[in-house]
Amino acid sequence: MRPEETSAAVKPAVVAMGAAFGDDPSFAACAERFGFGTDRWPLYFGGRAGVLGAVPAEVVGAACGFFGPELVGPAWAAASRTGRLGELVQADVGLCARWAERHLTGLDRAADLTTRVVEAADASGRVLFAAWRAQPEPDDRPSTRLALNLLRLREHRGSSHLGAVIAEGLTPVAAILAGPGARKARANGWRGPYPEPSPEDVARLAAAERRTELLAGQAYAVLDREQRVELVTLLDGAYRRWRGSGSA
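Numbering-wise (the working numbering), the sequence shown opens with residue 6 and increments by one.
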């Protein structure tokens, strides 16, 4: 199993479980405690991008990549007005750790392997990944370490994909329209009307997906083949159990 094949194989676990705590009811409750009401986006961007500090909304939009400015701007402004970006980040970490305690226990080996991958990964051009890697661990539980590693690898993959999309001549919104489609574009705050993706854009997105695996896969080269197979097996099992639990 080559590193790029490992990246593709762990994609479901990394993408889904690396952000699963954001769909937990506790996330919405936390947003209300910070005074955001039923709007989850200030906590989403404040928690995710608060690791960058008090930067302009344009910087947050550039780092997150696939969200429209009409969504990022107001949400980041609301998060920034609290004057508590650091607390929003720590709230995010706490929610992630509590989610992990329910879903990722008994996976000490996966925590160790993903730690090696995260530590070896190249942070070049991956600002959110670098910032999250610099965040200290809140506790020494393997479940917490694994959950935060999945979050970090999700950021590493997301930045890799953003770079691949741009390298193939697509804009982020064009990539969304060529893949998930208009509903996803709308959910991510991009304003319509939404043009039909051209065959060329669909082909460019397919090429970007292949490039993404090459870029994201570089991090897994720190493991030998047997360890990569082991990691895939462990994460696939964790993902299947989580999906089967009805919590996904």
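Note that the Cβ used here is the ideal one computed from N, Cα and C, for glycine as well. Since this is a predicted model, take the numbers as computed values, not measurements.
Alpha helix (DSSP H) segment containing residue i, residue limits
| i | result |
| --- | --- |
| Leu48 | 46-54 |
| Met22 | 8-22 |
| Leu90 | 90-108 |
| Pro204 | 204-222 |
| Leu175 | Leu175 -> no alpha helix (DSSP H), and no H or E assigned at all. |
Where residue i sits in the DSSP three-state scheme
| i | result |
| --- | --- |
| Ala41 | Correcting the residue type first, residue 41 is Phe in the shown sequence and not Ala. Of the three classes helix, strand and coil, the one that applies to Phe41 here is coil, per DSSP. |
| Ser164 | helix |
| Trp195 | coil |
| Ala180 | helix |
| Arg131 | coil |
| Phe72 | coil |
| Ala62 | helix |
| Arg233 | helix |
| Asp117 | helix |
| Ser252 | coil |
| Arg157 | helix |
| Gly111 | coil |
| Gly186 | coil |
| Glu124 | helix |
Beta-carbon gap between residue i and residue j smaller than 7 Å
| i | j | result |
| --- | --- | --- |
| Ala183 | Leu210 | yes |
| Ala126 | His161 | yes |
| Met22 | Leu155 | yes |
| Ala190 | Ala152 | no |
| Pro147 | Ala116 | yes |
| Gly40 | Leu90 | no |
| Arg159 | Val123 | no |
| Arg233 | Tyr244 | no |
| Val237 | Arg121 | no |
| Ala128 | Ala135 | yes |
| Leu133 | Ala68 | yes |
Expected contact under 8 Å - CB spacing of residue i and residue j to nearest Å
| i | j | result |
| --- | --- | --- |
| Leu93 | Leu57 | With 8 Å as the limit, Leu93 and Leu57 do not qualify as a contact, their Cβ atoms being about 12 Å apart. |
| Ala62 | Asp241 | Going by Cβ atoms, the distance from Ala62 to Asp241 rounds to 37 Å, so no, they are not a contact pair. |
| Ala36 | Asp44 | 7 Å |
| Ala13 | Glu218 | 5 Å |
| Leu175 | Ala213 | 7 Å |
| Leu100 | Phe26 | 5 Å |
| Ser164 | Arg131 | 4 Å |
| Gly73 | Asn193 | 6 Å |
Beta carbon proximity, residue i to chain B, threshold 7 Å
| i | result |
| --- | --- |
| Thr43 | Protein chain content of the structure displayed is limited to a single chain, and chain B is not contained in it. |
Handout entry: Segment contact flag, the region 172-188 with the region 201-208, C-beta cutoff 8 Å, min 3 pairs
Key = Here the region 172-188 makes contact with the region 201-208; the two share three or more CB pairs at distances below 8 Å.
Problem - Three-pair Cβ contact test at 8 Å for the region 7-21 versus the region 76-83 - result: With a cut-off of 8 Å, the region 76-83 and the region 7-21 do not count as touching, because too few Cβ pairs lie within range.
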